[in-house]
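A quick write-up on the structure given underneath.
Residue numbers (the working numbering), protein chains in the order written: chain L, 4 to 283; chain R, 4 to 283; chain P, 4 to 283; chain X, 4 to 283; chain E, 4 to 283; chain D, 4 to 283.
Next up, the structure:
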């Protein structure tokens, strides 16, 4: 019995956090280990189901990562590289879209539904949600920058009690498809929705300083400093930029968190000090 | 961190129970130690706040107990007794109503509001909710039996997101006030609302058999047997009758639980075996 | 037949007044003789039922007066006095709340329901409606000044077609109870609701000038004059102040009327010259 | 003051009647003296405005009577007569429709609006409300029997808070216009709406017995008797038939009342014994 | 089959126009040949039914023209003339109203209903929609200028899916009736509704220049020029003024089109170059 | 101008068909040539956009066909065959899902959006819409039979004004994916929605009799006959069965139409004799 009472105590301890976030919109960039490891996947789905049930409005944006490369390889589609980046030609784009919208999007959706979260998977092409233009005049092929977000479909789905799961694909007026960086896609959507929070699940502990210690809070000035000193570099740069852009356009908090931890989302929300790095 | 992950695990473990009970109506008869002990009172309020936040529709019916006697004594109001029961004359009824509707009802309401549950305290006189007639032709004065429940005000408050807290006072067509047994009051309301569950908080572990062991499940046949053998007796009889009446008129489950345990409500809901005795 | 035609004429004569006030909010401070005399009580209830039925949104705020003193006396609770005012210690507050929220509030509610007005009795503690802080740093104990009014519960009840009956009790963040002057309580609520009218039922003909003649209209300048000349004094000062505060914050009209007249409220509304004193 | 108090008493005396009829539908056949005499017209409009304001849903059906004849005469349109009834040829029908829909309908509408009742004048041709077929295979020309009532437009207007004023004109599938007897038109609409009451304003005291005394209540059996004995005869026959048809198809009460009395409608509603004859 | 495919092609070609105008409000001044010629009448009704079905919100304002004169003549009502204009005395006004509200309004309504457009005919007197004052201090009798438009009834009818058909009659506070120029009436209503388009059906090809060639687009400057040079003159002046007034107060486009062409409304809408003259 | 008038005539000729089908649900199985040929694809999209705009509620179910085979081939995934049918193993299912949900579904969605139809692409996995079990105990691998349709998401999307585009993929309680025959999928959805019409776009003229002449109407008896005589055979059997199942469970009409004709859907709807074969 004592153990059960302790359990009840812990559950009740989540109360103030739930009260704080009820009816708020959270945008979650889902990716990395949390999208691959079986246990982490299930933990993630249960976390989302819980948030959904306590009245938090969750929007998931996912990436595709390794699966795309593996299918490209199997299909023996060779890519040109510019600036070290793969150029997305038409054949590649077809694979990108198949994998993102057809495979990964539906896998996440099914997983969430299995845990009771009533999810619907869409891409930015549905209901003309995401409009894009070619990045750098098409230097990288069908890689695009978002030029417009029509948030009405997302708000519709949230109002009807669904969890929208979004594949980062956009179109232009000629119905071309564009591959969008998932971090930037999540950021653009969070900005337009004026979300309460955006969380980026990564495969790092968060942003680390020069001594590899976690920095728990960062502001714009410090970010610029860390970028010029090279402490923030590589793939972390777009994440930090996306996180900062959100905060500057009205999202209350941006978090870069360690998706390798079980229940990373709940850890961030339901503990006082949170995890990872918060950009404010 | 490991402790936090464990915490998250436990919180998530509540998920299937929440999913099961979301949008369902629970009627809770609140009384006994849970209404007096400071720590238990706060635990109760937090439990209710949590149920409220996860979308369970909670209705509280409370009794008055010792406070009524203490005020009667201070006012030096002497009572006649019939069948060993105090006769509720007009002067007594005034005190009963003052204490129930004015003091205890508002104390519970304020406590729940303090923990974020958005409670509203009413009595059966409000919006003509509870109609009564004198019990046994008035042998006990203004002690009444409920003759009609107009559930619309309760449904209204639930729809608007409030937790109704109800003092067991009813009226008749002449606007007289009647003192209603709180167990029977809770039962009548739960029946009319076709509640999912009714829970009676008591100062016992539940219903005990001849060897003083807890009986975890009981049906009508067993109840009748235990009553004739005198194992169920005294104040437990109306509780068991009320619990059984609910189940027979469409309430899914009736529970007699140990209100002396911290978080007794959550213990019943969020653990597989529950606590106390379930009448089915 | 001629008498019946005359009756119809009179009923129809109310038409322009009803048209003028339909869907408007009236806050009525109920007290004095109208709350004690049996005939006046019934007339009051029928007046409110009529206003309610023709679509005026009525909010009642009541005081407690003599009943509180009588119970305090019976309980032999002695009070300290400061500045000639009774200090509300904890024991006194308990009685105040019992009588206001438990007895008087429910008596009014039942009376209105009996005449068909669909009333619900609440106190300022319900749904955290009234927040207060100690008056003059607690010099008078648990006597409070309203610091915040959350009008949503009142608007909710009005929207659902109820007549809210409000006991002037407030809380602070520690769930303490405060005794609020009923005139000021009615005024604070009317201000927040931007009511069309506030009416104070008193045991005088209204505000009288030096020659004891009724003043039918008063503005701020005249009030100040009459206060400095001592013509307005004693218990009339808070009423006048409350009435003036309303007008200054957006309530269209404040009326101090003679509650000793049968149907005083209808007299004020449905006759061209009204009764009592109007503050503008 | 005493006179004012008396006035308030009388106004309040209407309370139980208002409570009884609130939200109910009344269909009123308006005609005769009440449609011609200036004072009666204004009294009628004020009565309707009052009913409208206290929440009764009023539907007016009017006739045309003498105005039609006067215009026909001025236009020198001669009519054939069959069975002593004027045959409505095309030229006559044009006049009937002009006068009913264009003149009288709008005059009533404007009068009601002037007294605050928010009226809208339509004919049975609007929104295809009334469908008709020629009476007796066209023996009387464009005189029709109602074959179908589409009540949706009336319900729509009532829901939006309007008083529908209906000219008794119907169409067939070829968009021909038909002149409908206004009593039968009111009856057909009341039946379809399952109205609470239908009232026929006439230029008699009601139905009189052989000694010319008013009969206050009549049932089907007595009606048949009075018809065979010739006591009910002439223009009263269709009125009685229409009234009886209503009662038989679900309208609670049919009243034939004396429209020559001022405020005849209120007299019927707000006095205990009513006026005229009630068919049940 | 090839013919059917061609048919489908043409129907589909209307798609972009429908998409452009869906949910927009069109006010159509209906008059002239299109109101008299049997084939044009039916074409008009089918055009309106189509607009209604594809989601365009159509409001019809009609005139009366020759029918009024013919009835006046038959009734031998002689008129005084001022400035060459007929003075509308009371007898004339009665005829005007009978014909407009009773005959023409209902004829149009029935015609539209026959083709499935769910029309309701009202005049400016209904629901107090149009208020007027005498033009030039009553020089022309009951000819009025609109002083106020209460658009709520029109919006109500549009919301409920009806096509309002409006007779150009207005009232003043004394319930007098006024004859309103139908062009100006349509214009006043379109302005208040902030319509997308107003279309005036005329018996000319549009506005012609000095060489009798159609001018397809006109702005304010050109209009002033053409008026001073006398090219725009006579009955075309109020139409042009009404059209221009609309555009200046927020209506997107005003069109003066040739109502003598079959389907003139569709021709204007669903062909690229439109017909008639557009005022911008 | 004459040509334009002719155009208007043709557009208006669609009116009665639009009136008949407005607000009705159409389920369209999209496949074959209409899904491949560039011109037919655009015609299809414009047809759907038109139906959508005139208020018909369209639901698209699509197949995948050749694209799946081509990707399987490129990936060098070899399949086992049973009864001449390809067994869908896990690797194949991944490809099926990628192509259907990721590529084809989004291509159709984008195409419809480009023509203004506000489409959203989902699969049967979204919101747990389609539940399935293995066909013939798994003889064909992950080929499934639909066991349950939760139509709420489709109704939600229709209510919000979207065109749902559905990929025929279902799940079971273990979140496995199943490949569903698109004809049967469309049929199951149409049955559950009680659609007005289901249309199967095929690459034949419809159902042909023994002499290769088109049969325009078929009932159950004739179908059985044609099946036993071998006239209906091969891939046409499931189509006919699906079509018949619909009609038997409440869908008004089933049509097998020639998708190779431009605007085949409009041809069926907006011409009197329709095209293809109707099953009733």
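Just so it is clear, CB atoms sit at the ideal spot from N, CA and C, and this is done for glycine as well. All of these numbers come straight from a predicted model, not from anything done at the bench.
Query: Helix, strand or coil for residue 261/L, going by three-state DSSP, please let me know.; Result: strand
Query: Going by Cα to Cα distance, which pick from 281/E, 184/E, 246/E, 248/E is closest to residue 65/E?; Result: 184/E
Query: Which same chain residues, not among the five before or five after residue 98/E, have their C-beta less than 7 Å away from its C-beta?; Result: 71, 74, 75, 78, 80
Query: Where does residue 86/D land, buried or exposed, given buried means 16+ other C-beta within 10 angstroms?; Result: exposed
Query: In this structure, does DSSP put residue 85/P in helix, strand or coil?; Result: strand
Query: Beta-carbon of residue 119/E versus every beta-carbon of chain D: anything under 7 Å?; Result: yes
Query: Quick check: residue 210/L and residue 50/L, are their CB atoms within less than 7 Å of each other?; Result: no
Query: Less than 7 Å between CB atoms is the rule here; does residue 52/L satisfy it with respect to chain D?; Result: no
Query: Can the beta-carbon of residue 47/E be found less than 7 Å from the beta-carbon of residue 37/E?; Result: yes
Query: Compare the C-beta of residue 14/E against all C-beta atoms of chain D and say whether one is closer than 7 Å.; Result: yes
Query: Please check the pair residue 166/P and residue 61/P, which I expect to be a contact at CB under 8 Å, by giving their CB distance rounded to whole angstroms.; Result: 5 Å
Query: At least one CB of chain P closer than 7 Å to the CB of residue 10/X: is that the case?; Result: yes
Query: Who are the Cβ neighbours of residue 7/D in its own chain at under 6 Å, not counting the five residues just before and after it?; Result: none
Query: Kindly list, in the order they appear in chain C, the residues whose Cβ is closer than 8 Å to that of residue 258/P.; Result: No chain C is present in this structure, whose protein chains are L, R, P, X, E and D.
Query: Would you tell me roughly how many angstroms separate the C-alpha atoms of residue 45/L and residue 31/L, rounded to the nearest one?; Result: 16 Å
Query: Are the CB atoms of residue 109/L and residue 127/L nearer to each other than 7 Å?; Result: no
Query: Starting from residue 96/X and walking both ways along the alpha helix (DSSP H), at which residues does that stretch end?; Result: 93-100
Query: Given that residue 248/R touches chain P, what residues does it touch there, using C-beta distances under 9 Å?; Result: Chain P residues near residue 248/R: none, gap ~27 Å exceeds 9 Å.
Query: Take residue 17/R and list the residues in its own chain whose beta-carbon comes closer than 6 Å to its own, dropping the five residues that flank it on each side.; Result: 273
Query: Please name the residue in 147/P, 9/P, 266/P, 122/P whose C-alpha comes closest to that of residue 160/P.; Result: 122/P
Query: According to DSSP, is residue 244/P helix, strand or coil?; Result: helix
Query: Say the cut is 6 Å; is the CB of residue 45/D nearer than that to a heavy atom of the ligand FMN?; Result: In the structure shown, the ligand FMN is absent, as is every other ligand, since no ligand is present at all.
Query: Could you work out which residues of chain X lie near residue 82/E, taking near to mean beta carbons separated by less than 7 Å?; Result: Here the premise fails: no neighbours, minimum Cβ distance about 16 Å.
Query: Between the region 109-135 of chain E and chain D, which residues of the former have CB atoms less than 7 Å from a CB of the latter, in chain order?; Result: 119
Query: Name the chain E residues whose beta carbon is nearer than 7 Å to that of residue 190/X?; Result: Here the premise fails: no neighbours, minimum Cβ distance about 22 Å.
Query: Under 8 Å by Cβ, that's how I've got residue 206/D and residue 262/D pegged, so tell me the actual separation to the nearest angstrom.; Result: 6 Å
Query: Classify residue 4/P as buried or exposed, calling it buried when 16 or more other Cβ atoms lie within 10 Å of its own Cβ.; Result: exposed
Query: Measure the C-alpha to C-alpha separation of residue 22/P and residue 112/X and round it to an integer number of angstroms.; Result: 18 Å
Query: Check whether the Cβ atoms of residue 195/D and residue 163/D sit closer than 7 Å, and answer yes or no.; Result: no
Query: Can the beta-carbon of residue 63/E be found less than 7 Å from the beta-carbon of residue 199/E?; Result: no
Query: Express the C-alpha separation of residue 170/X and residue 190/X in angstroms, rounding to a whole number.; Result: 13 Å
Query: Answer yes or no: does any C-beta atom of chain P fall closer than 7 Å to that of residue 5/X?; Result: no
Query: Given a cut-off of 7 Å on the beta-carbon distance, is the pair residue 257/D and residue 249/D in contact?; Result: yes
Query: What in chain L is Cβ-close to residue 57/R, meaning under 7 Å?; Result: 56, 57
Query: Among residues of its own chain, excluding the 5 on either side of residue 186/P, which ones have a beta-carbon nearer than 7 Å to its beta-carbon?; Result: 32, 203, 241, 242, 245
Query: In the structure shown, what three-state DSSP assignment does residue 127/E receive?; Result: coil
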